[in-house]
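Engineer:
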Amino acid sequence: MSRHFLLCDSQWAIFRHWTRPPLTSIPSWSTRCSPSKISFSRAMSTTKPTDAAAPASTWLGHKGAAGFDLRSDTMTTPTPAMLEAIRVGSLFDDVFEEDTTTIDLEAHVAALAGKEAGLLVLSGTMGNQLALRSLLTQPPHSVLSDHRSHIIQYEAGGVSSLTGAFVQAVVPRNGIHLTLEDVADSVCIDDDMVRLYVDHTNDTDILDRALPLLIKEHEWWTVNRTVEVSKDGRTYQLNLYNVSNTQPRPESYYEDYTTASNSSYYAESGIIYPETRELNDTEKAFLYANLASGAESGWDYTSRWLSKPNDAVRHVYFPLRSLNIVNIVPVELNSILYWNEVTIAGYLNQTSNETQAAEWTEMAANRSEAMYNLMWNDTLSGYFDYNLTSGAQDTFVPADDDTTDLEATGAPEGQQVYFSVAQFYPFWTGAAPAHIKNNPLAVKTAFERVATYLDTKDGGIPATNLRTGEQWDQPSVWPPLMHILMEGLRNTPATFGESDPHYMEVQDLALRLGQRYLDSTFCTWYATGGSTSDTPQLEGFDEREVGIMFEKYSDNSTNQAGGGGEYEVVEGFGWTNGVLLWVVDTFGNNLTRPDCGDIEAANVQPSKRSAVELHRRDAAWTKKFGSRSAKGKAKRFAKLKGY
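Residue numbers (my numbering): 11 to 653.
1) If G99 and Q139 are in contact, beta carbons under 8 Å, what's the gap, nearest whole angstrom?
2) Can you find the residues in the same chain that come closer than 7 Å, C-beta to C-beta, to W231, ignoring five residues on each side of it along the sequence?
3) Locate the alpha helix (DSSP H) running through P511, then write down its first and last residues.
4) Okay, do the region 333–347 and the region 430–443 touch, 3+ Cβ pairs below 8 Å being the bar?
5) What does a CB cutoff of less than 7 Å around P503 pick up in its chain, not counting 5 residues either side in sequence?
6) What number of angstroms, rounded off, separates the C-alpha of K318 from the C-alpha of F394?
7) Is the distance from the Cβ of L528 to the Cβ of L476 below 9 Å?
8) Just mark P604 as buried or exposed, buried being the case when its beta carbon has 16 or more other beta carbons within 10 Å.
9) Quick check: what's the CA-CA separation for T413 versus Y311?
10) Consult DSSP for R626 and reduce its assignment to one of helix, strand or coil.
11) Taking all protein chains shown into account, decide if K454 is buried (16 or more other Cβ within 10 angstroms of its Cβ) or exposed.
12) Assuming the contact rule is C-beta atoms closer than 8 Å, R205 and T353 should be a hit. Round their C-beta distance to whole Å, please.
13) Do you know how far the Cα of N272 is from the Cα of A127?
14) Does the contact criterion of 3 or more C-beta pairs under 8 Å hold for the region 283–299 versus the region 328–337?
15) How long is the line joining the alpha carbons of T292 and N566, rounded to whole angstroms?
16) Please report the straight-line C-alpha distance between I96 and G124, rounded to a whole angstrom.
17) Counting beta carbon pairs with one atom in the region 320–330 and one in the region 270–290, are three or more of them shorter than 8 Å?
18) Would you be able to state if there are at least three C-beta pairs under 8 Å between the region 510–522 and the region 451–466?
19) Of the residues L398, L145 and D595, which one's Cα is nearest the Cα of A175?
20) Rounded to the nearest angstrom, what separates S159 and L122 at their Cα positions?
21) Who does D156 pair with in a DSSP beta bridge?
22) What is the DSSP secondary structure of P489, counted as helix, strand or coil?
23) State the start and end residues of the unbroken beta strand (DSSP E) segment that holds R314.
24) On the CB-based measure, 16 or more other CB atoms within 10 Å of its CB, does V233 come out buried or exposed?
25) Pick out whichever of D410, I225, W309 and H210 has its Cα sitting closest to the Cα of D321.
26) Are there 16 or more other CB atoms within 10 angstroms of the CB of V487, so buried, or fewer, so exposed?
27) What does the alpha-carbon distance come out to for the pair M136 and I162?
28) Using only the alpha-carbon positions, how far apart do H493 and V589 sit?
29) Skipping 5 residues on each side, what residues in its chain have a beta carbon closer than 7 Å to that of G489?
30) Are A367 and A355 closer than 9 Å when you measure CB to CB?
31) Could you spell out where the beta strand (DSSP E) holding S240 opens and where it closes?
32) Please report the straight-line C-alpha distance between E261 and Y267, rounded to a whole angstrom.
33) Name the DSSP bridge partner or partners of Q257?
34) Assign I558 to one of two classes, buried (16 or more other C-beta atoms within 10 Å of its C-beta) or exposed (fewer than that).
35) Comparing C-alpha positions only, which one of T545, V556 and Y396 sits nearest to G607?
36) Using the Cα positions of D415 and P472, report the straight-line distance between them to the nearest angstrom.
Dropping the structure here:
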């Protein structure tokens, strides 16, 4: 224990090369030092004798360093041996491995712990962060922790910032310490994650541990998110999003509070619309529950959840005040739960639990039937969310400037048939009945509007066909949704042979989607400074600019990022890169090199020109990852904003 920064906490350190003085004689001026290399050397070179006049304590209410023994979080009283070890300890640079005391201590602790190496750091907080970072090498992850733990109470979101992990607080039932039962109840394992792992590794031994957790996760949805729907004399059980919440979300407190409480709505046009009616406490609680439920869905937010989408389309009133997600039975959630049930049934068969497997197979079949009877629309050849408030499918939304003839067909005057990528989840997970999903003509008909969008739009497929300003609506193109569309098409079997023209069209549509996704990601990357040996960097960029992969794109251009919602468009980005790799791996040489055209001239505006035209909400607020020079940033933002 003979190293000077064993005396440090995360802010201050006692630096004193004392001979034998008792701890109480250490003057207060020697306690306040920043634990940097410069401060170390200065503290050691400016040491004053212990009988020097000490200035007033920098710590109010305490006299001298005796009130601040910072050697240990547990305030261990130093023994004479400890003080002697401190006195004789070496004080060389540990970063360059010049300090033998540090090297010996790290090696000793590593040996005691049975680890390859050890690292001495300045504080418990740093130790926690490094320990977690060494384990969580690739997000996303979750960390379960006692709700009173240091990483939750005092580390300022460090785990999430440094590792990308979500820290979940667990309250022990006994009020004292966590038990195995507390941890087990909080563990959540995704069925799809286990399925991918088993498929890629053939490690079925994990099923003995994973299956009970998968079943428990499914039971949570059954107990907490099940709704019964009656139609034509039958009662069906399906699931929905419904968070029990009566207050603003902690992570979006300001946004939620202003949505519920503002007396005026500030439209993007600059017009201020007065509140027509103040929400009472019951209505605010209902709104807060819907806001939290929207976050639970992942589609936060979208016109799918709005009872008055026209307010959002016209930008004349608080769009999210009409949220009604807790009364919407969504297609995608039930499609995913169907897949989970099929997956669990398969794993139960692999582990020789045939009786249970049959029960889960029946459960999946019942869900598929319920979805078909409640959500499938024969006239419109598609699945639609079921609205408990109206007791009907959500099939129509207000028409807008982008409404196509196909979307208007069959819709009432002034409306259009609603489109959402969520409608295609049953083709991805297999929840659609066999007579639809195994019939190439039926699949082609269901995907007809997807093909129309590719023919009429320059970019990919938007989350919905309604412009509301919300990020899960038009024009935002989300990589995971593009992947789901492609996989849904590719899942279609060649029931009538591979030469069946309908089957060939379905597979060709999947390839066209892959090509469009490649075009969008590549050309936007190129338009933000990316380059290859065959594609020189656009003029005006700093050579250190390497291009950007965005979290979402636009449906009206192959060199435009998506926008809308509560936060700025994000750079990075994990799923964007993942889907791109999947597209290249899946379609291979059937893809062609993207032709980005004259990007500099693509978005010419009067007296302004922009290589990448961001959504107006995001033009000045693009979140950046990685380091770029200030000059490069300035140039890039000038381009983005059209200067």
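Here a beta-carbon is modelled for each residue, glycine too, at the ideal position from N, C-alpha and C.
Structural biologist: Well, looking at it:
1) As a first step, residue 99 is located in the sequence shown; it is residue number 89 there, counting from the start. As a first step, residue 139 is located in the sequence shown; it is residue number 129 there, counting from the start. With 8 Å as the limit, G99 and Q139 do not qualify as a contact, their Cβ atoms being about 25 Å apart.
2) For the purposes of this step, residue 231 is taken as the residue at position 221 of the sequence shown. Only N249 and L347 meet the Cβ criterion.
3) Here residue 511 refers to the residue found at position 501 when the sequence shown is read from its first residue. Run containing P511: P511 to A537, per the alpha helix (DSSP H) assignment.
4) The count of Cβ pairs closer than 8 Å, one atom from the region 333–347 and one from the region 430–443, reaches three, so the stretches are in contact.
5) Here residue 503 is taken as the residue at index 493 of the sequence shown, counted from 1. Around P503: N448.
6) For the purposes of this step, residue 318 is taken as residue 308 along the sequence shown, with counting starting at 1. For the purposes of this step, residue 394 is taken as residue 384 along the sequence shown, with counting starting at 1. Cα to Cα, the separation comes out at about 17 Å.
7) By 1-based counting over the sequence shown, the position of residue 528 is 518. By 1-based counting over the sequence shown, the position of residue 476 is 466. Against a cut-off of 9 Å, the Cβ pair of L476 and L528 comes out as no contact.
8) For the purposes of this step, residue 604 is taken as the residue at position 594 of the sequence shown. Buried, since its Cβ has 16 or more Cβ neighbours within 10 Å.
9) The residue given as residue 413 occupies position 403 in the sequence shown. The residue given as residue 311 occupies position 301 in the sequence shown. Straight-line Cα distance between these residues: approximately 21 Å.
10) Taking the sequence shown and counting its residues from 1, one reaches residue 626 at position 616. With a pLDDT of 41 at R626, under the threshold of 50, the predicted position of this residue should be treated as unreliable, and no value is reported.
11) Along the sequence shown, read from residue 1 onward, the residue named residue 454 stands at position 444. With 16 or more Cβ atoms within 10 Å of its Cβ, K454 is classed as buried.
12) Here residue 205 refers to the residue found at position 195 of the sequence shown. Here residue 353 refers to the residue found at position 343 of the sequence shown. The pair is a contact, with the Cβ atoms about 5 Å apart (cut-off 8 Å).
13) One-based indexing of the sequence shown puts residue 127 at position 117. One-based indexing of the sequence shown puts residue 272 at position 262. Near 56 Å, if we compare the C-alpha coordinates of N272 and A127.
14) yes
15) To locate residue 292, count along the sequence shown from 1; it is residue 282. To locate residue 566, count along the sequence shown from 1; it is residue 556. Roughly 41 Å separates the two Cα atoms.
16) The residue given as residue 96 occupies position 86 in the sequence shown. The residue given as residue 124 occupies position 114 in the sequence shown. Near 26 Å, if we compare the C-alpha coordinates of G124 and I96.
17) yes
18) yes
19) Translated into the one-based positions of the sequence shown, residue 175 becomes position 165. Of the candidates L398, L145 and D595, the one whose C-alpha sits nearest the C-alpha of A175 is L145.
20) Locating residue 159 in the sequence shown gives position 149, where the first residue counts as 1. Locating residue 122 in the sequence shown gives position 112, where the first residue counts as 1. In a straight line, the C-alpha of S159 is about 25 Å away from that of L122.
21) Taking the sequence shown and counting its residues from 1, one reaches residue 156 at position 146. Residue pairing from DSSP places D156 in a beta bridge opposite V180.
22) On the sequence shown, residue 489 is found 479 positions in, with the first residue counted as 1. Helix at P489.
23) Counting from 1 along the sequence shown, the entry for residue 314 is found at position 304. No beta strand (DSSP E) contains R314, which DSSP labels as neither H nor E.
24) Position 223 of the sequence shown, counted from the start, is the residue given in the question as residue 233. Exposed: under 16 other Cβ atoms inside 10 Å.
25) Walking along the sequence shown from the start, residue 321 turns up at place 311. The residue with the shortest Cα to Cα distance from D321 is D410.
26) In the sequence shown, counting from the first residue as 1, residue 487 sits at position 477. Buried, because 16 or more other Cβ atoms sit within 10 Å of the Cβ of V487.
27) For the purposes of this step, residue 136 is identified with residue 126 of the sequence shown, where counting begins at 1. For the purposes of this step, residue 162 is identified with residue 152 of the sequence shown, where counting begins at 1. About 14 Å.
28) Taking the sequence shown and counting its residues from 1, the one referred to as residue 493 is at position 483. Taking the sequence shown and counting its residues from 1, the one referred to as residue 589 is at position 579. Each residue's Cα considered, the two are about 6 Å apart.
29) As a working mapping, residue 489 is identified with position 479 in the sequence shown. One point to set straight first is that residue 489 is Pro, not Gly, in the sequence displayed. For P489, where only same-chain residues beyond five positions count, the Cβ hits under 7 Å are W585, T586 and V589.
30) Numbered from its first residue, the sequence shown carries residue 367 at position 357. Numbered from its first residue, the sequence shown carries residue 355 at position 345. The answer is yes: Cβ separation under 9 Å.
31) The residue you call residue 240 lines up with position 230 of the sequence shown. From DSSP, the beta strand (DSSP E) with S240 extends over T236 to K241.
32) Locating residue 261 in the sequence shown gives position 251, counting from the first residue. Locating residue 267 in the sequence shown gives position 257, counting from the first residue. Cα to Cα, E261 sits roughly 12 Å from Y267.
33) Working through the sequence shown from its first residue, we reach residue 257 at position 247. DSSP output for Q257 lists no bridge partner at all.
34) Numbered from its first residue, the sequence shown carries residue 558 at position 548. Result: buried.
35) In the sequence shown, the residue the question calls residue 607 occupies position 597. With distances taken between Cα atoms, G607 lies closest to T545.
36) Your numbering for residue 415 matches position 405 in the sequence shown. Your numbering for residue 472 matches position 462 in the sequence shown. Rounded to whole angstroms, D415 to P472 spans 17 Å at the Cα level.
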